[in-house]
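Colleague: Mind looking over this structure? Questions follow.
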Amino acid sequence: MATDSGVEGHAQFWWARNTPGDRDESLDIYRPDIYETVSKELSGLDQELRSLSLAIHGHPELKFQETYAHDVLTEFMERHGWNVKKHYHLTLLGGGRVLGVNSEMDALPGIGHACGHNLIAMAGVAVALATKAALIEHDIPGKVILLGTPAEEGGIGKVILLEKGAYKEMDACLMRVNALCLRVCHPAPGPEYGASLSSSLSLQRLSVEYRGHTAHAALSPWEGQNALDAAVAAYTNIALLRQQVKPSHRIHGVFEGKDWAANIIPDNAEMLWYVRAPTVAEVKEVDPRVRACFQASALATGCSVEVSEMGTPMHDLRQNKALAKTFARIFRNKTGPIDYEWGISSASTDFGNITYAIPSIHPGFSIPTEPNGGNHTPAFTSAAITLEAHRACLEVCKALSLTGLRVIEDDVFYSEDDL
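Going by the UniProt record's numbering, the residue at position 294 of the sequence shown is 294; the numbering climbs one at a time, nothing skipped.
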């Protein structure tokens with residue numbers, strides 16, 4: 001585990017990018033007094049928030065198993081006076097517009113928090129608490145919902161929550177949308193850019209199941225139908241298909257089986273495939289070509305195949321224009337540059353579906369990593385607990401908090417067509 005003392009030099013590099021003398025006065029932000037309240041609150045909570053992040057990082061839990069993270073998050077918010085609905089969400093204050101905030105908390109198999117969800121969990125808490133402080137300090141009517149969202153990694157937790165109505169309270173008070181939803185922010189390799197407002201890829205998960213017939217692999221192999229061969233052939237078919245799809249598309253998967261042995265023709269094989277493209281429509285366009293690869297290998301090996309969709313497709317990420325513009329202005333003024341292509345543009349997130357339902361924003365931010373040590377690597381697991389990663393995350397939280405508070409407080413901004 002990395003220690004705070006080992007990253008001070010990197011932190012100074014990142015924070016030194018935007019000094020007051022370098023700032024463009026045209027980027028003056030909305031309500032700097034509220035920003036100062038937010039900054040002061042997060043400074044006072046700095047060590048508590050870091051301890052929360054480290055605790056979650058030190059107890060990685062896979063999708064739908066995030067019991068420790070759930071408990072430490074709810075206990076943390078209870079200590080800070082929030083109305084906690086365990087296994088659901090946390091709310092504060094009433095009246096006015098609704099600000100929704102998400103906290104992810106799941107880890108990855110074998111490599112822990114290699115996508116930095118410990119930082120995302122902490123960031124949701126930070127934004128919620130900073131917003132609370134500003135609402136009270138500046139006597140602004142409003143409501144904040146902090147929604148704990150499980151299983152982002154392979155479980156489409158937010159899509160399930162959306163379909164179950166967990167986001168309804170965020171837009172139920174007025175005839176038009178009356179809420180902002182923040183996924184908060186997502187760490188990515190850096191420090192080439194300070195923050196990013198890119199989109200992401202739409203994603204459909206496919207389960208593929210081959211069924212054949214066992215036989216003695218040496219004595220009478222002609223009596224069998226080899227399901228493993230079908231899976232291997234399908235893998236090869238997909239590899240050939242990749243040459244004929246657009247560079248922006250991604251098709252990748254794994255296969256496994258039960259009770260395989262070298263001297264038995266395998267009668268079963270299961271595969272999990274991800275099909276990604278820049279939009280839902282493009283995923284649907286390439287989907288039949290992917291399925292044809294599975295059907296072809298079944299025909300070649302004499303096996304049967306069943307292909308099924310695993311839940312609702314993840315949508316591409318729609319950064320709300322008005323919110324993104326406000327966030328970018330604040331971040332550029334106070335911290336550093338904004339990029340619109342970097343971040344998670346070639347990854348996918350279940351938050352994309354939320355951005356289709358509610359005005360939303362989801363910035364990425366850079367943290368220092370080793371060469372080839374980006375998301376979903378052990379090196380990124382280590383990077384996610386450095387002091388610089390913590391500081392970078394809190395800088396983004398400041399800009400996000402003021403963005404959300406503007407939606408709650410500024411009637412003119414709230415009525416803009418882009419929101």
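The beta-carbon is built from N, C-alpha and C at its ideal position, and this holds for glycine as well.
Note that this is a predicted model, so its numbers are computed, not measured.
Hey, out of A217, W273, E209 and A218, whose CA is closest to A239's CA?
Modeller: The sequence position of residue 239 within the sequence shown is 239, counting from 1. Nearest C-alpha to A239: W273.
Colleague: What does a CB cutoff of less than 7 Å around A172 pick up in its chain, not counting 5 residues either side in sequence?
Modeller: Taking the first residue of the sequence shown as 1, we reach residue 172 at position 172. Residue placement at A172 is poorly supported in this model, since its pLDDT is 24, which falls under 50; the coordinates still yield a value, given next. Cβ neighbours of A172 beyond the five flanking positions: none.
Colleague: Enumerate in chain order the residues of its own chain whose CB-to-CB distance from residue 487 is below 6 Å, with the five nearest sequence positions on each side excluded.
Modeller: As displayed, the chain neither begins before 1 nor continues past 419, which places residue 487 out of reach and without an answer.
Colleague: How many whole angstroms separate the CB atoms of L241 and C293, which I take to be in contact at a CB cut-off of 8 Å?
Modeller: Translated into the one-based positions of the sequence shown, residue 241 becomes position 241. Translated into the one-based positions of the sequence shown, residue 293 becomes position 293. Yes, they are in contact, since the Cβ atoms of L241 and C293 sit about 6 Å apart, within 8 Å.
Colleague: Hey, how far is the Cα of V307 from the Cα of S207?
Modeller: Counting from one through the sequence shown, the residue named residue 307 turns up at place 307. Counting from one through the sequence shown, the residue named residue 207 turns up at place 207. Straight-line Cα distance between these residues: approximately 6 Å.
Colleague: At the level of alpha carbons, what is the spacing between N118 and E370?
Modeller: On the sequence shown, position 118 is the one that residue 118 refers to. On the sequence shown, position 370 is the one that residue 370 refers to. Those two C-alpha atoms are separated by around 19 Å.
Colleague: How many angstroms separate the CA atom of A347 from the CA atom of V144?
Modeller: The residue you call residue 347 lines up with position 347 of the sequence shown. The residue you call residue 144 lines up with position 144 of the sequence shown. So the alpha carbons of these two residues sit roughly 29 Å apart.
Colleague: Going by the beta-carbon positions, is the gap between T37 and A128 smaller than 8 Å?
Modeller: As a position in the sequence shown, residue 37 is number 37, starting the count at 1. As a position in the sequence shown, residue 128 is number 128, starting the count at 1. Not a contact, by the Cβ cut-off of 8 Å.
Colleague: Roughly how many angstroms lie between the CA atoms of V290 and V280, to the nearest whole one?
Modeller: On the sequence shown, position 290 is the one that residue 290 refers to. On the sequence shown, position 280 is the one that residue 280 refers to. Using only the alpha carbons, I get a separation of about 15 Å.
Colleague: Among the residues of its own chain, which have a CB less than 7 Å from the CB of E41, if the five just before and after it don't count?
Modeller: Translated into positions along the sequence shown, residue 41 becomes position 41. Here the set comprises L129, A130 and A133.
Colleague: Beta-carbon within less than 7 Å of L174's beta-carbon, same chain only, minus the 5 sequence neighbours each way: which residues are those?
Modeller: As a first step, residue 174 must be located in the sequence shown, where it is residue number 174. Because the pLDDT at L174 is just 26, under 50, the model does not fix this residue reliably, and the point stays unresolved.
Colleague: By Cβ distance, which residues of its chain are closer than 7 Å to G21, with the 5 residues on each side in sequence left out?
Modeller: Against the sequence shown, residue 21 aligns to sequence position 21. With a pLDDT of only 43 at G21, under the threshold of 50, the placement of this residue in the model should not be trusted; the figure read from the coordinates follows. No residues qualify anywhere along the chain.
Colleague: If I'm right that A188 touches N333 with Cβ under 8 Å, what's the distance once you round it to whole angstroms?
Modeller: In the sequence shown, counting from the first residue as 1, residue 188 sits at position 188. In the sequence shown, counting from the first residue as 1, residue 333 sits at position 333. Not confirmed; about 22 Å, so no contact.
Colleague: Return the bridge partner residues of H216 from the DSSP annotation.
Modeller: In the sequence shown, the residue the question calls residue 216 occupies position 216. Looking at the DSSP assignment, H216 forms a beta bridge with I264.
Colleague: Given a cut-off of 8 Å, decide if N237 and P266 are closer than it, judged by their beta-carbon atoms.
Modeller: The count along the sequence shown starts at 1 and reaches residue 266 at position 266. The count along the sequence shown starts at 1 and reaches residue 237 at position 237. No. Outside cutoff.
Colleague: Could you work out which residue in L54, S39 and R31 is closest to residue 449 when comparing CA atoms only?
Modeller: A query on residue 449 cannot be resolved here, the shown segment of the chain reaching from 1 to 419 and no further.
Colleague: Pick out whichever of Q204, S415 and L400 has its Cα sitting closest to the Cα of V283.
Modeller: Position 283 of the sequence shown, counting from 1, holds the residue named residue 283. Ranking Q204, S415 and L400 by Cα distance to V283 puts Q204 first.
Colleague: I need the boundaries of the alpha helix (DSSP H) containing L73, first residue and last residue.
Modeller: Stepping through the sequence shown from its first residue, residue 73 is reached at position 73. It spans T67 to R79 - the alpha helix (DSSP H) in which L73 sits, taken as one unbroken run.
Colleague: Note down the Cα distance separating G155 from K63, rounded to an integer number of angstroms.
Modeller: For this step, residue 155 is matched to residue 155 along the sequence shown. For this step, residue 63 is matched to residue 63 along the sequence shown. Near 6 Å, if we compare the C-alpha coordinates of K63 and G155.
Colleague: Might you give, ordered along the chain, the residues of its own chain that have their beta carbon closer than 7 Å to the beta carbon of R211, omitting 5 neighbours on each side?
Modeller: Within the sequence shown, residue 211 is the residue found at index 211, counting from 1. Contacts found: A227, D267, N268, C303 and S304.
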